[in-house]
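Student:
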Amino acid sequence: CADTTDVKCDFQRLSRIYGQMADLFHAQRSPQFEKEAELNAVRMAWKAKDTLAALNFYAHLAYAYHLENKIDSAYQINMKACKLFEEYGFHEYKYGYINMQFGTLIENKQYFDAKPIIDEFEYKSGLFTNGDIKKGHELYYYKKGQYYLGVNNIDSAFYFYNKLLNNANNIGHYENAYKGLMEVYHKLGKPDSVMKYAQLFANANDSACLISSAEEINRSNALYNYNA
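Using the numbering used here, the first residue of the sequence shown is number 1, and each one after it goes up by one.
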């Protein structure tokens, strides 16, 4: 109901409202609505001359494209957002988003290109203490394991998958750790261990699906027209 033609319009608050809408649509797996809300958040933040908020909202736009499985578009937006953080002098903020870059490069088997970005993330993000990443970012260990598996450094891949397993605090962590260890043992030609971790991965995947289904029911029950 905001009148955006009114000189007294609180564009800064309006940008936050659109940002919250985008987060809700993302949780409900509605990327099309998410993109619309995120772009409105960007537009309102620029009107409020809130550069940092505008850049953050724009960076979040990549997640909507990732949800649509438009990986190339997500990657390009992420790259542009990180470049803009640099250009506007918000250097440290890009490290909250740069993991999408090396994650995509690893998935595309571009390990040579991924390595310097991984190194930059580890040395400059401020998220690491004695080689351990800050709590809440443990999935990084899986990506690091993927990198080492891709360059055929099996020992290091094994180390990082186990590190994720030992620091797991949700079903997704267990799922990825088991998947990684299954792939390691497949490369090592140890069928018994492959079978063990394949079963653990399948069990974790089933549990993740059950949790996801329950969350979908809750989301369906909580649906609102946020534009009303």
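Idealized CB from N, CA, C, for every residue including glycine.
1) To the nearest angstrom, how far is the alpha carbon of LEU139 from that of TYR18?
2) Could you check where the alpha helix (DSSP H) with VAL184 kicks off and where it finishes?
3) So what does DSSP say about PHE128, is it helix, strand or coil?
4) Hey, how far is the Cα of GLU163 from the Cα of TYR197?
5) Give the secondary structure of ILE133 by DSSP, where H, G and I count as helix, E and B as strand, and everything else as coil.
6) With a 10 Å radius around its C-beta and 16 neighbouring C-beta atoms as the bar for buried, classify GLN188 as buried or exposed.
7) Shortest alpha-carbon distance to PHE201 belongs to which of LEU55, LYS35, GLU175?
8) Mark LYS49 as exposed unless 16 or more other C-beta atoms lie within 10 angstroms of its C-beta, in which case mark it buried.
9) Check this for me: beta carbons of PHE160 and LYS144, under 8 angstroms apart or not?
10) Counting Cβ pairs, one atom from each stretch, are 3 or more of them under 8 angstroms apart for the stretch 73-83 and the stretch 34-52?
11) Flag GLN32 as yes when its Cβ comes closer than 7 angstroms to any non-hydrogen atom of the ligand ATP, and as no otherwise.
Tutor: Answer, in terms of the structure:
1) 28 angstroms
2) 171-188
3) strand
4) A quick correction: the sequence has Lys, not Glu, at residue 163. Whole-angstrom Cα-Cα distance: 15 angstroms.
5) Here ILE133 carries a strand assignment [DSSP, helix/strand/coil].
6) Gln is not the amino acid found at residue 188; the sequence shown has Leu there. Counting Cβ neighbours within 10 Å, LEU188 comes out exposed, since fewer than 16 surround it.
7) GLU175
8) exposed
9) yes
10) no
11) Among the components of this structure there are no ligands whatsoever, and the ligand ATP is therefore not found.
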